[in-house]
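Single-structure report; data block below.
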Amino acid sequence: MQDSYVDDAIPLSFTEKNDLLSMGNTVLGQPMLAIDDQAAIEDFLQNELSTVRLKQFYSLLFLASNRNNISPLHQLVKGRKICITERPDLHLTWYYDRIFVKPIPKCLSSSTFCQQYLTKPGKRDGGGDSIRAEATGFLRTYARLIRHESDLDVAKDLRLTPKTTTWDQWCRFIEQFCHLQDKHVAVRYHYGEIRLTRLNFWYSLCRGRSYFQAHHNYATIFSRFGPPYLFVFGAVTVVLTALQTGLATYPELGLYHTLSVPMVPFTLILTMIGLGFFPILFIFFQFRDLFLFIFCYR
C-alpha cells in the first residue's frame, strides 16, 4: 500500500555540534560492543529499534491511534504517569493512567555514530523497514515529546536523555528530525500515541493473543469486568422493578403482562450466565496457561 512506503533517500547530516555525547572505542551505552563491529551493531540497532510487530498490524492501527497525536512530556496534565520501557514496540503506547516511553539509546546521541549508521539505509528488519527509517521515526517522536525546556527537564529526570544535555544542545540535535515526512520514517511512526486497550482488543481478534499483557494476575483482570457487570444487572433490576410496579398499579392493562412474560426467563438466564462467567473464565485462563507451559515454554 502507498502509505506504508518508506523513502530511503532522506537528507541527514551529522556534525560534532549536534553531539549530546562523545563516542569512544565502544558503542555508547554498550561497553561490550566494539565500534568497528558493524554486523553486531546492526543486530543491536535492529533489536533496539525494530517495530516490525506494529508494521504487521499497520492496516488496522487507525483503530487504536490517530496520526500525529503525540503530547509533550508533561503527561501529568493528562493524569498519566510515564513508565520507562526498553521495548521499541511499546514506545508511546498508553494504558489508562500510564504511558510507556523508550529512552533515547545513548549511541544515537553521537554524531559520529549517526553519521555512520543513519545516513544510509543499512540492514532491514523483518517488516522491510531500514534501521535508519526506524531510528529517524523514533527520534522524530522526541521532537514532539520535548517541545519546551521544561519537557527536557522531565526527560533528564527520567533518564530519557543524557543528564548533561542543555536546551541549546537539544535544539541543535533534534532540529533536522522535526520536519521529516512520513515517507522518511518507519510506518509505525505514521501514528502517534497508541491506546493499548484498543490495540490488545483488535490484536486479539486478528492474532488470537494480546499485543501486550499489562497485568499478570487474575484479580486485576477480573476487576475490569466489575463496573460493566454491575451496570447490566442494575439495569435489569430497574426494569424488573418497573414492570412489577406497573403490574401492581394497572393489573387490567395487558401491556405490562405481555412485557413480563419474556423478561422473567431472560432475567433467570442472564443471572445464571453471570454466576457462571467468572468461574468459567478462571478455568479458561488456567487451561490456557497450562497449554502454553506444556507446548510453548518448556
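Every number in my numbering is 933 more than the matching position in the sequence shown, counting from 1.
Glycine residues also receive a C-beta, built at the ideal position from the N, C-alpha and C atoms.
Predicted, not measured: the structure shown is a model, and the values here were computed from it.
Could you give the distance in angstroms between the alpha-carbon of Leu1188 and the alpha-carbon of Val1169? For this step, residue 1188 is matched to residue 255 along the sequence shown. For this step, residue 1169 is matched to residue 236 along the sequence shown. Answer to the nearest angstrom: the Cα atoms are 18 Å apart.
Neighbour-count burial assignment, Asp969, 16 or more Cβ in a 10 Å radius: The count along the sequence shown starts at 1 and reaches residue 969 at position 36. Exposed: under 16 other Cβ atoms inside 10 Å.
Nearest to Ala1066 by CA position, among Thr1018, Arg1121, Ser1004 and Val1010, is which residue? By one-based count along the sequence shown, residue 1066 stands at place 133. Answer by Cα proximity: Arg1121.
Can you name the start and end residues of the beta strand (DSSP E) that Cys1016 belongs to? In the sequence shown, counting from the first residue as 1, residue 1016 sits at position 83. Lys1014 to Ile1017 is the extent of the beta strand (DSSP E) around Cys1016.
Measuring only the C-alpha atoms, how far is Arg1073 from Thr1153? By 1-based counting over the sequence shown, the position of residue 1073 is 140. By 1-based counting over the sequence shown, the position of residue 1153 is 220. Spanning the alpha carbons of Arg1073 and Thr1153 requires a straight line of approximately 35 Å.
Proximity to Ala1175 [Cα-Cα], best of Thr1094, Asn999, His1190 and Gly1209: In the sequence shown, the residue the question calls residue 1175 occupies position 242. Ranking the options by Cα distance to Ala1175, first place goes to His1190.
Which residue's Cα is closest to the Cα of Phe1158: Phe1211, Asp1022, Pro1184 and Ala1119? For the purposes of this step, residue 1158 is taken as residue 225 along the sequence shown, with counting starting at 1. When each option's Cα is compared against that of Phe1158, the closest is Phe1211.
Distance CB(Ala997)-CB(Arg1142) smaller than 8 Å: As a first step, residue 997 is located in the sequence shown; it is residue number 64 there, counting from the start. As a first step, residue 1142 is located in the sequence shown; it is residue number 209 there, counting from the start. No, they are not a contact pair.
Rounded to whole angstroms, how far is the Cβ of Val1165 from the Cβ of Met1196, which I believe are closer than 8 Å? As a working mapping, residue 1165 is identified with position 232 in the sequence shown. As a working mapping, residue 1196 is identified with position 263 in the sequence shown. Between Met1196 and Val1165 the Cβ distance is about 14 Å, and since that is not below 8 Å, they are no contact.
Supposed contact pair Ala1147 and Gly1070 - C-beta distance, whole angstroms, cut 8 Å: Taking the sequence shown and counting its residues from 1, the one referred to as residue 1070 is at position 137. Taking the sequence shown and counting its residues from 1, the one referred to as residue 1147 is at position 214. The Cβ separation is near 24 Å, so there is no contact.
For the beta strand (DSSP E) containing Met1031, list its first residue and its last residue. Sequence index remark: in the sequence shown, residue 1031 carries index 98 (1-based). Contrary to the premise, residue 1031 reads as Arg rather than Met in this sequence. That run of the beta strand (DSSP E) goes Arg1031 to Val1034.
Could you tell me whether the segment 953-964 touches the segment 1032-1041, using the rule of 3 or more Cβ pairs below 8 Å? yes
Take the Cβ of His1123 as the centre, count every other Cβ of all protein chains shown within 10 Å, and call the residue buried at 16 or more, exposed below. For this step, residue 1123 is matched to residue 190 along the sequence shown. With 16 or more other CB atoms across the displayed protein chains lying within 10 angstroms of its CB, His1123 is buried.
In terms of alpha-carbon separation, which member of Ser1083, Gly1207 and Leu1192 lies closest to Tyr1162? Position 229 of the sequence shown holds residue 1162. Looking at the Cα atoms, Gly1207 is the closest of the given residues.
Reducing DSSP to helix, strand and coil, say where Thr1191 ends up. Within the sequence shown, residue 1191 is the residue found at index 258, counting from 1. If DSSP states are grouped into helix, strand and coil, Thr1191 belongs with the helices.
Does the segment 1075-1089 touch the segment 1100-1114, meaning 3 or more C-beta pairs lie closer than 8 Å? yes
Please look up how many angstroms separate the CB atoms of Arg1020 and Lys1035, rounded, as I've assumed it's under 8 Å. Within the sequence shown, the letter at position 87 stands for residue 1020. Within the sequence shown, the letter at position 102 stands for residue 1035. Correct: roughly 7 Å between the Cβ atoms.
Let's test the definition: count the other Cβ atoms within 10 Å of the Cβ of Ser1044 and tell me whether it reaches 16, buried, or not, exposed. Counting from one through the sequence shown, the residue named residue 1044 turns up at place 111. Ser1044 should be labelled buried.
Residues of its chain near Cys1016, where Cβ-Cβ distance is below 6 Å and the 5 sequence neighbours each way are ignored: Position 83 of the sequence shown, counting from 1, holds the residue named residue 1016. Around Cys1016, the same chain offers Arg1031 and Phe1033 as residues with beta carbons nearer than 6 Å, after the five sequence neighbours per side are excluded.
For Ala1076, report the span of its alpha helix (DSSP H) as first-last. Residue numbering aside, residue 1076 sits at position 143 when the sequence shown is read from its first letter. Per DSSP, Ala1076 belongs to the alpha helix (DSSP H) from Ile1064 to Leu1078.
Compute the Euclidean distance between the alpha carbons of Pro1167 and Thr1200, then round it to the nearest angstrom. As a first step, residue 1167 must be located in the sequence shown, where it is residue number 234. As a first step, residue 1200 must be located in the sequence shown, where it is residue number 267. What sits at residue 1167 in the sequence shown is Gly, not Pro. Distance between the alpha carbons of Gly1167 and Thr1200 is about 12 Å.
With distances taken Cα to Cα, identify the nearest neighbour of Phe1155 among Met1205, Trp1135, Ile1202 and Phe1218. In the sequence shown, residue 1155 corresponds to position 222, counting from 1. Measuring from the Cα of Phe1155, the nearest candidate turns out to be Phe1218.
DSSP beta-bridge partners for Trp1027? Taking the first residue of the sequence shown as 1, we reach residue 1027 at position 94. In DSSP, Trp1027 forms a bridge with Ile1032 and Arg1128.
For Glu1082 versus Ile1003, is the C-beta distance shorter than 8 Å? The sequence position of residue 1082 within the sequence shown is 149, counting from 1. The sequence position of residue 1003 within the sequence shown is 70, counting from 1. Cβ atoms of Glu1082 and Ile1003: not closer than 8 Å.
Alpha carbons only, please: which of Gly1179, Tyr1144, Ile1213 and Ile1227 is nearest the one belonging to Thr984? Along the sequence shown, read from residue 1 onward, the residue named residue 984 stands at position 51. Ranking Gly1179, Tyr1144, Ile1213 and Ile1227 by Cα distance to Thr984 puts Tyr1144 first.
Beta carbon of Leu1132, beta carbon of Thr1026: below 8 Å? Working through the sequence shown from its first residue, we reach residue 1132 at position 199. Working through the sequence shown from its first residue, we reach residue 1026 at position 93. The answer is yes: Cβ separation under 8 Å.
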